[in-house]
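*Asks:*
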Amino acid sequence: MLVFEEKVRLESDRLVELYAQLGETGAQDVVCRAMEELAVRLARIDEAFRTCKLSALRKGAKGLIGIAEQVGMQRLADVARDVCACAEGPDPVALGATMARLQRVGDRSLTAVWDLQDLSV
């Protein structure tokens, strides 16, 4: 049995920049809203994949990229770009594999941010 473990790394520089620009309360608000939106978009992207709505899948993944970059989740943004590329190609196996990776990286990224916030409280 294959076990996939995705290592994620939050771009702390991006988070520090957010806190410097918005202050602690403002930055926490932005991060919390981004986390909620990322979770919703990941679910929508998965639904679009399962129902073979590739246009909605691409649109959702493109939107996810900007939000992920805003809060320092570069790996998640990169995998979302890969999903967009695979959704435009003729290889459903590659799209399936990339979608599975997006879910793994998305889950790990969301967990990493929540863990980081728990440390700062």
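Under our numbering, the first residue of the sequence shown is numbered 293, with each subsequent residue one higher.
Using N, Cα and C, we set each Cβ at its ideal position, and we do this for glycine too.
Quick caveat, the model's predicted, so the values are computed rather than measured.
With H, G and I counted as helix, E and B as strand and the rest as coil, what does DSSP make of MET365?
*Replies:* Coil at MET365, not helix or strand.
*Asks:* Run through DSSP, which three-state label would THR381 get?
*Replies:* A small correction: the amino acid at residue 381 is Gly; Thr does not occupy that position in the sequence shown. DSSP places GLY381 in coil when its eight states are reduced to three.
*Asks:* Using a Cβ distance threshold of 8 Å, determine whether the stretch 357–366 contacts the stretch 313–331, with at least three qualifying pairs required.
*Replies:* Touching, yes, given that three or more Cβ pairs across the two stretches are closer than 8 Å.
*Asks:* Roughly how many angstroms separate the alpha carbons of ARG396 and GLU329, rounded to a whole number?
*Replies:* Taking the straight line joining both Cα atoms gives about 17 Å.
*Asks:* Cα separation between PHE341 and ALA404?
*Replies:* Near 25 Å, if we compare the C-alpha coordinates of ALA404 and PHE341.
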